[in-house]
Amino acid sequence: MRGIVRKWRPPLAFVLGGTLVAVLAMPLIGIVNLRLWGNVLGWGEAAAIVVGIAVVSTVVLAFLLWRLVLRPVWMLDRYARAVRSGTRPEAPVHFGTPEFTTLATSVMGMSESLQSRADTLQAYANHVTHELKSPLTAIRGAAELLEGGVAPADAGALNTTIKEASARMQTLLDDLTRHAQAATSSGPGASRVSDVVEDLKAPLNVTVVTDGVVGLSADDLRTILTQLAGNAHAHGATEMTLAVVRDALEIADNGPGVSAGNRDRIFDPFFTTRRAQGGTGMGLSIVRSLVQARGGRIELLEDGLGARFLIRMD
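Have a look at this one:
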């Protein structure tokens, strides 16, 4: 969205109040001036002058109302109609009063947010279609071979193929469900890291170096640590350390770390370097969605050995 051009404009209350005052004052001013000029210029000329002043004042007042009230409403209405029709119009940049500027900013921000969600859903649909295509093709091919009749030994292999492809699809669907649930905010919360680690079921050794309280509920923190521990273990790590530093949680492992070429993509949905081993690429995306839904952010730190993440709750 282009930035709205912000120039000083009178508040809407001032515009409306000024209009009412002008409407009430113009007849009184006309009467006074007619009495003053009537005896000097003549009543006909004085009346013509008063009418001329009234016409000019009305035109100026109408222009100000159009510029400060009507035009912003028309522009915003045209923008909303274009968005509703499915197009991506150029956002208006000029608005009248500060109230209309605030309203326009909110409406256009809402429009961009909805468009971003629609784009995300479309990308998800494309990714899911692509991810499901391979196991579906394997199941269909195995079913066709079984239908045509094969040797018992081959039938066992084909059944195994169907089961593995079905398990792959189930894993993907489970991860998609967790991702959708993670993106739904459960409200504020707080938990002590050591309390969560006590009952954490992780495939590697988890050590709390510096204990503290973080702005996540116990369930949310447990989900995050479980995902990160599973991801670290899958990449060869045997240990994971946790440290609360300046109201932020630092998570590090002793694995091989993240290559420079993958750093910008590790939080993207469906990105994985372990697709052949059954990875769906949803683990870190689930973590990011959960953290962002709770008003925080997660980042990959570049220094140190292994993978190091920093979770900061705003």
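Using the working numbering, read the sequence shown as starting at 44 and increasing by one per residue. Heads up, the beta-carbon is just placed ideally off N, CA and C, and yes, glycines get one too.
Taking the CB atoms as reference points, tell me whether residue i and residue j lie closer together than 8 Å.
i, j, result
"Phe-313", "Gly-324", "yes"
"Arg-265", "Val-239", "yes"
"Gln-270", "Ile-329", "yes"
"Leu-247", "His-276", "yes"
"Ala-90", "Pro-115", "no"
"Arg-355", "Ala-291", "yes"
"Arg-306", "Leu-353", "no"
"Ser-234", "Asp-254", "no"
"Asp-296", "Ala-280", "yes"
"Ala-181", "Ala-208", "yes"
Could you spell out the range, first to last residue, of the beta strand (DSSP E) harbouring residue i?
i, result
"Ile-309", "It is not in any beta strand (DSSP E) - Ile-309 carries neither H nor E in the DSSP assignment."
"Glu-293", "291-296"
"Thr-250", "248-253"
Between the options, which lies nearest to residue i when the distance is taken from Cα to Cα?
i, options, result
"Ala-134", "Glu-155, Glu-142 and Arg-114", "Glu-155"
"Glu-345", "Thr-316, Val-301, Val-334 and Arg-235", "Val-301"
"Ala-350", "Gly-232, Asn-274 and Leu-333", "Asn-274"
"Ala-261", "Ala-196, Thr-281 and Arg-337", "Arg-337"
"Leu-215", "Leu-63, Leu-59, Glu-342 and Ser-177", "Ser-177"
"Val-256", "Ala-286, Pro-141, Leu-108 and Ala-272", "Ala-286"
"Thr-101", "Ala-68, Arg-127 and Ser-128", "Ala-68"
"Met-151", "Gly-129, Ser-128 and Ala-123", "Ala-123"
"Arg-211", "Gly-232, Leu-179 and Arg-121", "Leu-179"
"Leu-380", "Thr-144, Val-171 and Thr-250", "Residue 380 cannot be examined here, being either before or after the span of the chain that is shown, 44 to 357."
For residue i and residue j, what's the separation of their Cα atoms in angstroms?
i, j, result
"Gly-192", "Leu-175", "26 Å"
"Arg-131", "Ala-65", "41 Å"
"Ile-294", "Leu-189", "49 Å"
"Gly-95", "Met-153", "47 Å"
"Ala-161", "Asp-311", "17 Å"
"Gln-224", "Ala-196", "42 Å"
"Gly-259", "Leu-243", "The amino acid occupying residue 259 in the given sequence is Leu; Gly does not appear at that position. Straight-line Cα distance between these residues: approximately 15 Å."
"Arg-183", "Ala-200", "14 Å"
"Asn-169", "Trp-109", "46 Å"
"Met-283", "Gln-213", "28 Å"
"Ser-332", "Leu-104", "52 Å"
"Val-288", "Gly-326", "24 Å"
"Leu-113", "Gly-339", "41 Å"
"Pro-141", "Met-118", "15 Å"
"Gly-139", "Gln-165", "36 Å"
"Ala-97", "Val-126", "42 Å"
"Ala-198", "Lys-206", "12 Å"
"Gln-335", "Ile-341", "8 Å"
"Asn-202", "Ala-194", "12 Å"
"Leu-111", "Leu-63", "15 Å"
"Pro-70", "Phe-143", "31 Å"
DSSP on residue i, reduced to helix/strand/coil?
i, result
"Ala-233", "coil"
"Phe-352", "strand"
"Met-151", "helix"
"Glu-345", "coil"
"Met-44", "Legend: pLDDT at Met-44 = 48, less than 50; position of this residue unreliable, value from coordinates given subsequently. Met-44: coil per DSSP, three-state reduction."
"Arg-340", "strand"
"Leu-59", "helix"
Could you spell out the range, first to last residue, of the alpha helix (DSSP H) harbouring residue i?
i, result
"Glu-207", "195-225"
"Ala-303", "Per DSSP, Ala-303 belongs to no alpha helix (DSSP H) and is neither H nor E."
"Ala-286", "Counting along the chain, Ala-286 falls outside any alpha helix (DSSP H), though it belongs to the beta strand (DSSP E) covering 282-288."
"Trp-117", "114-127"
"Ala-275", "261-277"
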